[in-house]
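Accompanying notes for the structure given below.
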Amino acid sequence: MAEIDLDPILVEDATLTIGGDDYSTPVDSAVLTPSSVNPIVHKGINGKKKTRIPKADWTLELSFGQDVTTAKALTLYTFDHEGEVVPFTLEPKDGGPVWSGNVVLVASAIGGGGDGFANATVSLPCDDRPARTGVTP
1 MAEIDLDPIL VEDATLTIGG DDYSTPVDSA VLTPSSVNPI VHKGINGKKK
51 TRIPKADWTL ELSFGQDVTT AKALTLYTFD HEGEVVPFTL EPKDGGPVWS
101 GNVVLVASAI GGGGDGFANA TVSLPCDDRP ARTGVTP
C-alpha cells in the first residue's frame, strides 16, 4: 500500500477571475463546492439492486469586501449583471492547477453593521462541472 504525502494549500497567492477581470484582492474566500448527491437506487422484485450516483451541481462560493464606488467592484458587478453567465477561473495556489467554467451571476448583499468593513457572501451556480487544467499528479 502506498503512503500518500500531503502538500496542503496555503491560500495566500490565489487568483480569481470572473468575467475576465481579476477579483483576487476584494475576495477573501473562494471555494468551489459540489452539492451533496443522493444515490439513485433501483431494486428489482427479485431483490437485486442497481445504484448510481448522479453528477453533483457546483457553486462558486465567495466572501468579499463590499465596494460600491469602484468601477466593476464585485458588489456592483453582480448587481448590474444578475442572471448573466460569465466565465471564471480559480487558481488556489500560484503555479498550481486552475479550475475554470461558467457561473451565473447572483446579486450579493449590500450594507452591513456599523463600525466595520461591510462584507458579503454569494453563491454563484456553475453551469457545469468545473474543468481542471495545469499541474496534474
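Positions 1 to 137 (the UniProt record's numbering) are the ones given, in order, by the sequence shown. The C-beta atom is built at its ideal place from N, Cα and C for all residues, glycine as well. Owing to the predicted nature of the structure, the values given are computational and were not obtained by experimental measurement.
*What distance in whole Å lies between the Cβ atoms of residue 71 and residue 26, which are believed to be in contact at a cut-off of 8 Å?*
The pair is not a contact, with the Cβ atoms about 13 Å apart (cut-off 8 Å).
*Which residues DSSP lists as bridging residue 18, in chain order*: When DSSP reads this structure, residue 18 sits in a beta bridge with 21 and 88.
*Taking 8 Å as the threshold, find out whether the segment 12-19 comes into contact with the segment 80-97 through three or more Cβ pairs.*
The segment 80-97 and the segment 12-19 touch, with three or more beta-carbon pairs separated by less than 8 Å.
_Less than 7 Å between the beta carbons of residue 29 and residue 63, yes or no?_
Yes, they are a contact pair.
*asked:* Assess contact between the segment 74-94 and the segment 105-122, defined as three or more Cβ pairs (one per stretch) separated by less than 8 Å. Is contact present?
replied: For the pair of segments examined, the segment 74-94 was found to touch the segment 105-122: the number of CB pairs separated by less than 8 Å reaches three.
_Taking the beta carbon of residue 131 as the centre, do at least 16 other beta carbons fall within 10 Å, making it buried, or is it exposed?_
Within 10 angstroms of the beta-carbon of residue 131 lie fewer than 16 other beta-carbons, which makes it exposed.
_Please classify residue 18 as buried or exposed, where buried requires at least 16 other C-beta atoms within 10 Å of its C-beta._
Buried.
*Candidates 32, 9, 1 and 2, of which the one nearest residue 125 by Cα*: The shortest C-alpha separation from residue 125 is found at 32.
*asked:* Ignoring anything shorter than 4 residues, give me the alpha helix (DSSP H) runs that lie fully in the segment 12-83, in order along the chain.
replied: Complete alpha helix (DSSP H) runs here, min 4: 74-80.
*Report the residue from 65, 85 and 53 whose alpha carbon sits nearest the alpha carbon of residue 39.*
Among 65, 85 and 53, the Cα nearest to that of residue 39 belongs to 53.
*With C-beta atoms as the reference, is residue 55 less than 7 Å away from residue 49?*
No, they are not a contact pair.
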